[in-house]
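Engineer:
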Amino acid sequence: MPDLPTPKDAAEAALFSECWDAVLSYADLCTSGSTAANQLAREAFALGIREARAAESGTARGAGRRSSRLPRIPLLLTAVRATAAAWEAQGQGHKLDPDLRLWLNSDKAARYVGPPLSRPIALRGLRDMQEPDAALLWLAEVEALPLQAVVRRQGLDQSGAVEELNEVRGLFRDRCHRNHLDTPMDAECRSYVRLLDAVTRSPAADTPPDLSRHLATCVECAEAAACLRLHGGGLPAALAQGVIGWGGLAYLERRRRAAEVRLGGGPAAPDREGAAARAAANKARMRRNGLLVTAVLVSGLALAVSMMPGDTGGDSIVKAGPTDSTPVAGPGTRVPSAAPASSAAPSSSAPRASASPSPTKGAGDDAKPDPEPQGTSSAAAGGGDDAADPACEVQYDLVNQWPDGFQATVTVTTDHALDAWQVAWSFRDGQRVDQMWDASLAQDGSRVTATAADYNRTVAANGTLTFGFLASWKGKNTAPYAFALNGQECAGK
């Protein structure tokens, strides 16, 4: 395993630390295990630093003219891709992710190392910018670093940080537009160049139907549109995909999560709105528990009266007694899986008699937990309020979409503490999940199941779990439905 380059000074040592984190994150996506990821990252880091130093040395010896090159982090990420391609060519492909191996042997990978005019627009546009401007754009958009921290690192005026970033975005758009004009294209693509430029300049402009159909079938023009449209939040994805290639969107999501962890590593600021919502939820639960306790007392009194001598209704109640002695739920530390409603009723001849004492069982959970939750329908366990109050909520976010694929994020909030979880849902239009992070993937037809990774299995009560994925689609891409957490249906946010 090669040694990492030695920093020249303290400033370069700090830069190395930041770059290494990014390189290792992408290398982990590209490989099949942590050992291979570390090896790939070290080889790629050494290769990229050598290339960066050679380029800087060549510029210093020249007449001051800057050679065309990427900023340090995207340069190192492309070195990871190049090193992975070398592994595949040298017979070490078994260490790589299987999907990456397919990509490396396709025409898609060839575009990144082929003739310069055939390479992705974003890669060419970023390379043609001045390196400080390109670094500012990449750090703010892809690495998701706070803008104030980026401009401070770049030695810029913090009071004009937003204006500086907007100006750099405009420069990137200008470089991409020029590169799009220089790209060899057929007559149909050429006929849409001016229209595409005009439509992407204005946030309020509608895309004409004929241009929309063209973008759905032409990869090069769709890439150009993503780079030229600075509004709408699609620029980070356009940069990540265009510069990195395979796994660009997954890398983007990882860097956003890493930035959130860095920003939220210390004591969290008080969440007044969240605290108020949780307090309201707790009050609602207390009211429901009060109703359940009242129901317990009423049911107990009714049962005692019905068993007195001379009561004509005693026989039916006594028959239901043995069933009522079994608790229907445990202490609530994990989401119970629902059992068929028929298993809770002794017979179909007296459904009312077996359902009426159910509040007694639901309220008794706090006093006498059942170590093995049996599960039942929510209507039998707690009345009408609990039936309309699922134990989890799900939020499905379509992060980005392109002609044949999309990226999405799923966030689930659970009322119960979990020590393991599975989230399942169904697609309506035949979508297929190709890659998933922060969970393991299984898909059977339209039904998709995401299972917790080792590092995020446990979730606190009223906590959230999140994972993301890349998928393909054809024709339509409507949102999924029938979300369930550990077999229990979730409500949508």
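Counting with this note's numbering, you get residues 643 to 1135 for the letters of the sequence shown. All C-beta atoms in this analysis are idealised placements derived from N, C-alpha and C, irrespective of residue type, glycine included.
1) Judging by CA-CA distance, which residue of F1125, L1083, G1072 is the nearest neighbour of T1053?
2) What number of angstroms, rounded off, separates the C-alpha of L798 from the C-alpha of E785?
3) Mind pulling the beta strand (DSSP E) runs of 3 or more residues that sit fully within the stretch 724-803?
4) Would you kindly report the start and end of the unbroken alpha helix (DSSP H) that includes R843?
5) Assign E805 to one of two classes, buried (16 or more other C-beta atoms within 10 Å of its C-beta) or exposed (fewer than that).
6) Output the boundary residues of the beta strand (DSSP E) element that contains G1223.
7) Please classify A728: is it buried, with 16 or more other beta-carbons within 10 angstroms of its beta-carbon, or exposed?
8) Taking just the CA atoms, how far does A880 sit from R761?
9) So, helix, strand or coil for D1076, using DSSP?
10) Below 7 Å between beta carbons: does that hold for A664 and T673?
11) Could you check the C-alpha separation between P788 and L813 for me, to the nearest Å?
12) Assuming C1034 is part of the beta strand (DSSP E), what are its boundary residues?
13) Does the count of Cβ pairs from the stretch 1089-1103 and the stretch 1038-1051 closer than 8 Å reach three?
14) Mind listing, in chain order, the continuous alpha helix (DSSP H) runs of no fewer than 4 residues lying wholly within the stretch 865-904?
15) Let me check one thing: in DSSP terms, what residues is R1089 bridge-paired to?
16) So, are the CB atoms of T725 and E693 less than 7 Å apart?
17) Would you identify the three-state DSSP class for T859, choosing helix, strand or coil?
18) Ordered along the chain, which non-local residues of its own chain (more than five positions away) have a Cβ less than 6 Å from that of A612?
19) So V1101 is in the beta strand (DSSP E); what residue range does that whole segment cover?
20) Do the CB positions of C661 and R695 come within less than 7 Å of each other?
21) Looking at C-alpha atoms only, which residue of T1100, M1078, Q796, G875 is the closest neighbour of A636?
22) Nearest to S748 by alpha carbon, out of W888, E698, M827?
23) With a threshold of 7 Å on Cβ separation, who are the neighbours of D839 within its own chain once the five nearest residues in sequence on each side are excluded?
24) Would DSSP call S659 helix, strand or coil?
25) Count the CB pairs spanning the stretch 828-846 and the stretch 854-864 that are closer than 8 Å, and state whether there are at least three.
26) Within the continuous beta strand (DSSP E) that includes L1127, where are the two ends?
27) Decide if Q732 is buried, meaning its Cβ has at least 16 other Cβ atoms within 10 Å, or exposed.
28) Applying the criterion that 16 or more other CB atoms from any shown protein chain within 10 Å of the CB defines a buried residue, is N808 buried or exposed?
29) Among G756, V793, M1078, which one has its Cα closest to the Cα of A892?
30) Inspect the beta-carbon positions of L781 and V793 and report whether they are closer than 7 Å.
31) Mark R1070 as exposed unless 16 or more other C-beta atoms lie within 10 angstroms of its C-beta, in which case mark it buried.
32) Identify, in the order they occur along the chain, each residue of the same chain with its Cβ nearer than 6 Å to the Cβ of A1066, setting aside the five sequence neighbours on each side.
33) Which of helix, strand or coil does DSSP assign to T1053?
34) Roughly how many angstroms lie between the CA atoms of K1135 and V903, to the nearest whole one?
35) Which residues in the same chain have their Cβ closer than 6 Å to the Cβ of V841, if we skip the five residues on either side of it in sequence?
Structural biologist: Once the coordinates are examined:
1) F1125
2) 18 Å
3) none
4) 835-843
5) exposed
6) For residue 1223 there is no data in the structure shown, the boundaries of the chain being 643 and 1135.
7) exposed
8) 14 Å
9) strand
10) no
11) 21 Å
12) 1034-1044
13) no
14) 877-886
15) S1068, D1086
16) no
17) helix
18) Lying outside 643 to 1135, the shown extent of the chain, residue 612 is not represented and no answer is given.
19) Per DSSP, V1101 belongs to no beta strand (DSSP E) and is neither H nor E.
20) no
21) Because the chain in this structure spans residues 643 to 1135, residue 636 falls outside the shown range and cannot be described.
22) W888
23) H819, L870
24) helix
25) yes
26) 1123-1127
27) exposed
28) exposed
29) M1078
30) no
31) exposed
32) T1091, A1126
33) strand
34) 24 Å
35) A847, T849
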